[in-house]
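Numbering (mature numbering (1 follows the signal peptide of the UniProt record, and there is no 0)) for the sequence shown: -18 to -1, 1 to 151. The beta-carbon is built from N, C-alpha and C at its ideal position, and this holds for glycine as well. Just so you know, these numbers come straight off a predicted model, no measurement behind them. Inspection log for the structure reproduced underneath, given as structure tokens.
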Amino acid sequence: MRLFFIFLTLLFATPLAAQVRLVDAGIICPRPTDGALVDAPGTESGFIRQIEAGLTFDLPDRTVPTLDQLGFGFRTELKPGASETDVTVVVTHPPMGDRGVEREEWRDTIVPGTTNMNLFTFELEYEKVPGPWTFSIEIDGTPVVTVPFEVTETENQGRVERACFQFLS
């Protein structure tokens, strides 16, 4: 009987992970961040900022220097045949802010036929925390997509500056 329950658990858990896939991940060059603020009590600031549709990653890198207004994150989508799915977006990082927050999360819905981009943008000095960062999509508390990043003070800064500011010189 125990094996039957284990089998049922595996049978019903597998489709969750099979519903969502990683499209791409990387860095977005500094840009104005003027999207609407949305309540997100599971975050350090208590809100997230909506981002404009159609953004693309400027670099596929996962080593992120702490530059003002630099964004990084990932884009996901539902696999063919999957229905609209409620997810939790999770970002983990070294302790940040006065409370030493290490995990930030918010609810989202992924809709068939669309992609879902989630970013972190360095808007404030205290957010520039070097170390390992991870972006994940969770369904019912189970990670189904996970993308690691390494935030550094200067590593990869030259490459990012060349890609982002090449037209300014």
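For A7, which option in D90, D16, L37 and I121 has the closest C-alpha, if you only look at C-alpha atoms?
Indexing the sequence shown from 1 puts residue 7 at position 25. The option with the nearest alpha carbon to A7 is L37.
Assuming contact is defined by CB atoms lying nearer than 8 Å, are V129 and T48 in contact in what I supplied?
Locating residue 129 in the sequence shown gives position 147, where the first residue counts as 1. Locating residue 48 in the sequence shown gives position 66, where the first residue counts as 1. Cβ atoms of V129 and T48: not closer than 8 Å.
With DSSP collapsed to three states, give me the class of V111.
Start at 1 with the first residue of the sequence shown, and residue 111 comes out as number 129. The answer is coil: DSSP assigns V111 none of H, G, I, E or B.
What are the boundary residues of the alpha helix (DSSP H) that includes G55?
Sequence index remark: in the sequence shown, residue 55 carries index 73 (1-based). Unbroken run through G55 is the beta strand (DSSP E), G53 to L60; no alpha helix (DSSP H).
With distances taken Cα to Cα, identify the nearest neighbour of Q139 among R13, R44 and P23.
Here the question's residue 139 lines up with position 157 in the sequence shown. Scanning R13, R44 and P23 for the CA closest to the CA of Q139 turns up R44.
Output yes or no for whether 8 Å exceeds the beta carbon distance between V73 and F29.
Taking the sequence shown and counting its residues from 1, the one referred to as residue 73 is at position 91. Taking the sequence shown and counting its residues from 1, the one referred to as residue 29 is at position 47. No.
Rounding to the nearest angstrom, what Cα-Cα distance links Q32 and L101 in this structure?
The residue you call residue 32 lines up with position 50 of the sequence shown. The residue you call residue 101 lines up with position 119 of the sequence shown. In this structure, the alpha-carbon of Q32 lies about 10 Å from that of L101.
Alpha-carbon spacing of K61 relative to G123, whole angstroms:
In the sequence shown, residue 61 corresponds to position 79, counting from 1. In the sequence shown, residue 123 corresponds to position 141, counting from 1. Whole-angstrom Cα-Cα distance: 19 Å.
Other residues of its chain near P112: CB distance less than 6 Å, five sequence neighbours each side excluded:
As a first step, residue 112 must be located in the sequence shown, where it is residue number 130. Counting only residues of its own chain and dropping the five nearest sequence neighbours on each side, P112 has a CB closer than 6 Å to the CB of V133, T134 and E135.
Would you mind working out which of T25, P14 and R57 sits nearest F39, comparing C-alpha positions?
Reading the sequence shown from its first residue, position 57 is the one you call residue 39. Of the listed residues, the one whose Cα sits closest to F39 is R57.
Burial state of Q1 (16 or more Cβ within 10 Å)
For the purposes of this step, residue 1 is taken as residue 19 along the sequence shown, with counting starting at 1. When all chains shown are included, Q1 counts as buried.
F102, enclosing beta strand (DSSP E) - first and last residue
By one-based count along the sequence shown, residue 102 stands at place 120. Per DSSP, F102 belongs to the beta strand (DSSP E) from T97 to T103.
For R13, tell me which candidate among P42, D50, E87 and I121 has the shortest Cα-Cα distance.
As a position in the sequence shown, residue 13 is number 31, starting the count at 1. Residue D50 is the option with its Cα nearest to R13.
Evaluate contact between the stretch 16 to 28 and the stretch 80 to 94, counting only Cβ atoms and requiring at least three cross-stretch pairs below 8 Å.
With a cut-off of 8 Å, the stretch 80 to 94 and the stretch 16 to 28 count as touching, because enough Cβ pairs lie within range.
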